[in-house]
Amino acid sequence: MLKCQDNPEVVVTGRDFALMNVVDRVFPKSTALLFQFHITMNVKENCKTKCKVKEDTKEKGKT
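Using UniProt numbering, the first residue of the sequence shown is number 1, and each one after it goes up by one.
1. For the putative contact between Val-12 and Phe-35, defined by C-beta atoms under 8 Å, what is the C-beta separation to the nearest angstrom?
2. Quick check: what's the CA-CA separation for Arg-25 versus Thr-49?
3. Just mark Val-22 as buried or exposed, buried being the case when its beta carbon has 16 or more other beta carbons within 10 Å.
4. In angstroms, rounded to a whole number, what distance separates the CA positions of Cys-51 and Phe-37?
5. Can you give me the start and stop residues for the alpha helix (DSSP H) that Asp-24 sits inside?
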């Protein structure tokens, strides 16, 4: 990858912290992004623990 490209503008990874750290060191000028799936899952999980949702609100969201 290094031989065929200069510094890539964006590197998209999964939620692998070791890979994210390596990308940050090897490609310091690149923007590192997570797959949208992982971001969505993290937001949902954090909202569950930090926000109280009424039961009737949960049912309305299942449509």
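We put the beta carbon where it would ideally sit given N, CA and C, even for glycine.
Reading off the structure:
1. For a cut-off of 8 Å, the C-beta gap from Val-12 to Phe-35 is around 6 Å, short enough to register as a contact.
2. Approximately 33 Å between the Cα atoms of the pair.
3. Under a 10 Å Cβ-count criterion, Val-22 is classified as exposed, with fewer than 16 other Cβ atoms of the shown protein chains found around its own Cβ.
4. Cα-Cα distance, rounded: 21 Å.
5. Residue range 17-26 is occupied by the alpha helix (DSSP H) that includes Asp-24.
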